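With our numbering as the guide, the letters of the sequence shown map in order to residues 14 to 319. Have a look at the structure below, then the notes.
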Amino acid sequence: MKVLVNALSLGWLSGKHVLFGHVRQLARWTANDHEFVILHRRDTDISELGDLPNVSGLKAPQSAGHWMTRLTWESFALPRLMARQGVDLYFSPTGTILPSSPVPQVTLAQNPWCMVSGLQQGAGQKLKAALQRRAYRKAFREADLMVYNSRHMRDLYQQTDPTGSERRFLIAYQGIDDATHAAAASCQIDRQPLRILAVSVMAHWKGAEHVVQALAELHRRGIAAQLKLVGPWADPAYRRLVEQVIAETNMSAHVEITGQVSRDELYAHYAQAQVFCLMSRCESFGIPAVEAQAFGTPVVGSSVCA
Numbered sequence: 014m015k016v017l018v019n020a021l022s023l024g025w026l027s028g029k030h031v032l033f034g035h036v037r038q039l040a041r042w043t044a045n046d047h048e049f050v051i052l053h054r055r056d057t058d059i060s061e062l063g064d065l066p067n068v069s070g071l072k073a074p075q076s077a078g079h080w081m082t083r084l085t086w087e088s089f090a091l092p093r094l095m096a097r098q099g100v101d102l103y104f105s106p107t108g109t110i111l112p113s114s115p116v117p118q119v120t121l122a123q124n125p126w127c128m129v130s131g132l133q134q135g136a137g138q139k140l141k142a143a144l145q146r147r148a149y150r151k152a153f154r155e156a157d158l159m160v161y162n163s164r165h166m167r168d169l170y171q172q173t174d175p176t177g178s179e180r181r182f183l184i185a186y187q188g189i190d191d192a193t194h195a196a197a198a199s200c201q202i203d204r205q206p207l208r209i210l211a212v213s214v215m216a217h218w219k220g221a222e223h224v225v226q227a228l229a230e231l232h233r234r235g236i237a238a239q240l241k242l243v244g245p246w247a248d249p250a251y252r253r254l255v256e257q258v259i260a261e262t263n264m265s266a267h268v269e270i271t272g273q274v275s276r277d278e279l280y281a282h283y284a285q286a287q288v289f290c291l292m293s294r295c296e297s298f299g300i301p302a303v304e305a306q307a308f309g310t311p312v313v314g315s316s317v318c319a
């Protein structure tokens, strides 16, 4: 069977890490039965899958780069492309399906952003969220198979369409790859006393400012903890807000903002921290929290999401 994997929505490293992890496992398990074609943007590097003989890449046109023009291209051009390529199954990691498809559609639901109230800022984001919820409802009822990465995600989909139901569904909890487990098992890095770590793609719903405020409270109680904020920042305005909170709480000497780091650097951060803390309001499945625990690092998190 030939499976087309739509990777056009990939942006941050975390999304790529999740999707390619799934593809790698599936390709290995079905090496003699199935072929996987990764449909990707021109700026997406898929070379890490190059060791898999049943995985290949297919570059989409430039118009498929932005989400608005991508919707049009996927609606009209992609079904014809699948027919030409002889595709047997379509897989999307967006939680949505195509308006029409010549083959069965499987979609992985893993983005709760549009279904959590209060996260969308401005008319543009609210419009995008409304369009996403509409697409989610269609997928919920019409996908040949809905795959959720947590029970929390299925609950959110059900809330958007209380009277609907899936044709078929399964909940496939995300794990972490073998390389992370191997790195954790062989790690010889010592813990740093009173080191707090937060890892994420930093957006305003991640709650980094609350971790900074908690750090300030620890200092008021005589506990000289240090905080590292690791990961890219999706919104420069949010970074400025967090930096303002750091300054207002006099924590500048105790907080380090690293930005995006390599996998090896990330592993070192996990190993050195005494605690991982992220007070996010929106997560489908918190992979950094699981990765931290693989390194033996305790986790403090919020209770309002997966």
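Note that beta-carbon positions come from the ideal geometry of N, C-alpha and C, so glycine has one too. Just so we're clear, the structure is a prediction, and the values are computed from it rather than from any experiment.
I'd like to check one pair, residue j with residue i: are the Cβ atoms closer than 8 Å?
{"i": "Met128", "j": "His223", "result": "no"}
{"i": "Gly220", "j": "Ser315", "result": "yes"}
{"i": "Arg93", "j": "Lys72", "result": "no"}
{"i": "Leu17", "j": "Gln98", "result": "yes"}
{"i": "Phe104", "j": "Tyr186", "result": "no"}
{"i": "Gln273", "j": "Gly309", "result": "no"}
{"i": "Ala307", "j": "Ile189", "result": "yes"}
{"i": "Thr109", "j": "Val160", "result": "no"}
{"i": "Ile184", "j": "Arg154", "result": "no"}
{"i": "His53", "j": "Ala20", "result": "yes"}
{"i": "Leu240", "j": "Val255", "result": "no"}
{"i": "Trp246", "j": "Arg294", "result": "no"}
{"i": "Thr271", "j": "Leu242", "result": "yes"}
{"i": "Leu144", "j": "Arg181", "result": "no"}
{"i": "Ala142", "j": "Gln118", "result": "no"}
{"i": "Ala196", "j": "Tyr280", "result": "yes"}
Look up residue i in the DSSP assignment and give the residues it is bridged to.
{"i": "Met159", "result": "Thr120 and Phe182"}
{"i": "Asn19", "result": "Leu52"}
{"i": "Met215", "result": "Trp246"}
{"i": "Phe289", "result": "Leu210 and Val312"}
{"i": "Asp239", "result": "A small correction: the amino acid at residue 239 is Gln; Asp does not occupy that position in the sequence shown. Arg208."}
{"i": "Ser69", "result": "Val50"}
{"i": "Leu102", "result": "Val16"}
Where does the unbroken alpha helix (DSSP H) through residue i begin, and where does it stop?
{"i": "Arg294", "result": "Counting along the chain, Arg294 falls outside any alpha helix (DSSP H), and DSSP gives it neither H nor E."}
{"i": "Leu228", "result": "Ala221 to Arg233"}
{"i": "Thr193", "result": "Asp191 to Ser199"}
{"i": "Val303", "result": "Ile300 to Ala307"}
{"i": "Thr173", "result": "Arg164 to Thr173"}
If you follow the beta strand (DSSP E) that residue i is in, where does it begin and where does it stop?
{"i": "Val255", "result": "Val255 -> not in any beta strand (DSSP E); alpha helix (DSSP H) instead, spanning Pro249 to Glu261."}
{"i": "Glu61", "result": "From DSSP, Glu61 is part of no beta strand (DSSP E); its letter is neither H nor E."}
{"i": "Ser88", "result": "Premise fails: Ser88 lies in the alpha helix (DSSP H), Trp80 to Phe89, not in any beta strand (DSSP E)."}
{"i": "Thr271", "result": "Val268 to Gly272"}
{"i": "Ser114", "result": "Taken as a continuous stretch (DSSP letters only), Ser114 belongs to no beta strand (DSSP E), as it is neither H nor E."}
Please classify residue i: is it buried, with 16 or more other beta-carbons within 10 angstroms of its beta-carbon, or exposed?
{"i": "Leu102", "result": "buried"}
{"i": "Asn45", "result": "exposed"}
{"i": "Glu87", "result": "buried"}
{"i": "Ser114", "result": "buried"}
{"i": "Ser275", "result": "exposed"}
{"i": "Ala40", "result": "buried"}
{"i": "Met215", "result": "buried"}
{"i": "Ala77", "result": "buried"}
{"i": "Phe89", "result": "exposed"}
{"i": "Ile236", "result": "exposed"}
{"i": "Met166", "result": "buried"}
{"i": "Trp42", "result": "exposed"}
{"i": "Thr107", "result": "buried"}
{"i": "Pro301", "result": "buried"}
{"i": "His79", "result": "exposed"}
{"i": "Thr193", "result": "buried"}
{"i": "Ile202", "result": "exposed"}
{"i": "Glu179", "result": "buried"}
{"i": "Glu278", "result": "exposed"}
{"i": "Leu5", "result": "A question about residue 5 goes unanswered here, because the residues of the chain that appear run from 14 up to 319."}
{"i": "Leu320", "result": "The structure shown does not extend to residue 320, since the chain spans only 14 to 319, so no value can be given for it."}
{"i": "Glu269", "result": "exposed"}
{"i": "Arg253", "result": "exposed"}
{"i": "Ser60", "result": "exposed"}
{"i": "Ser130", "result": "exposed"}
{"i": "Arg204", "result": "exposed"}
Of all the CB atoms in chain D, is at least one closer than 8 Å to the CB of residue i?
{"i": "Val100", "result": "The chain labelled as chain D is not found in the depicted structure, where only one protein chain is given."}
| said: I'd like to know if the stretch 134-149 and the stretch 257-269 are in contact, where contact means that at least 3 CB-CB pairs between them fall below 8 Å. | reply: no
| Between the stretch 270-288 and the stretch 199-212, are three or more C-beta pairs nearer than 8 Å? | yes
| message | Under 8 Å: do the stretch 120-127 and the stretch 59-75 share three or more Cβ pairs, one atom per stretch? | response | no
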